[in-house]
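Enquirer: For reference, the structure I am asking about is given below.
In our numbering, the protein residues as written are -18 to 124.
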């Protein structure tokens, strides 16, 4: 397996940086409106990603971007923005140790949405893993 191309490596990176985001975000929303904090975070993300795209000379797509691709990327961006607004407000109001586990219920939502809309296969590992994530989140927030 080529680690440079492995989706697992990127998924682990995503999980690590999401965890780091929770802790840094908790400090970042202290004493500031959570919506303004989300805007600042978004501008930083835009600058960082633009720098990466520029460094890799990836500004031009290899083929024209289809209309349905634009629609789904725009809808995904809206969903991401709403998620971030909710997340930062939750971090402002609650402890990281409770907000983060609830946020990770997104995995269970993604499993269900993947089954319903993407047509992904349901398997015992997916069912058990999804249920364990839900159970773990419940345990972490209920006690």
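C-beta: ideal position from N, C-alpha, C; glycine also.
If you're wondering where the values come from, they're calculated on a predicted model, not measured in any experiment.
Between residue 69 and residue 4, which are expected to be in contact by the criterion C-beta below 8 Å, what is the C-beta distance as a whole number of angstroms?
Expert: Wrong, their Cβ atoms sit about 13 Å apart, outside the cutoff.
Enquirer: Using a Cβ-Cβ cut-off of 7 Å (strictly less than) and excluding sequence neighbours within five positions of residue 179, which residues of its own chain qualify?
Expert: Only positions -18 to 124 of the chain appear in the structure, and residue 179 is not among them; the question remains open.
Enquirer: Is the beta carbon of residue 86 less than 8 Å from the beta carbon of residue 118?
Expert: In this structure, residue 118 lies closer than 8 Å to residue 86 by Cβ.
Enquirer: Just reading off the alpha helix (DSSP H) that residue 16 is part of, what are its end residues?
Expert: Here the alpha helix (DSSP H) through residue 16 covers 15 to 36.
Enquirer: Confirm, please, whether the CB-CB distance from residue 114 to residue 88 is below 8 Å.
Expert: Yes, these two residues count as a Cβ contact at 8 Å.
Enquirer: Under the three-state reduction of DSSP, which class applies to residue 93: helix, strand or coil?
Expert: Residue 93 falls in the helix class under three-state DSSP.
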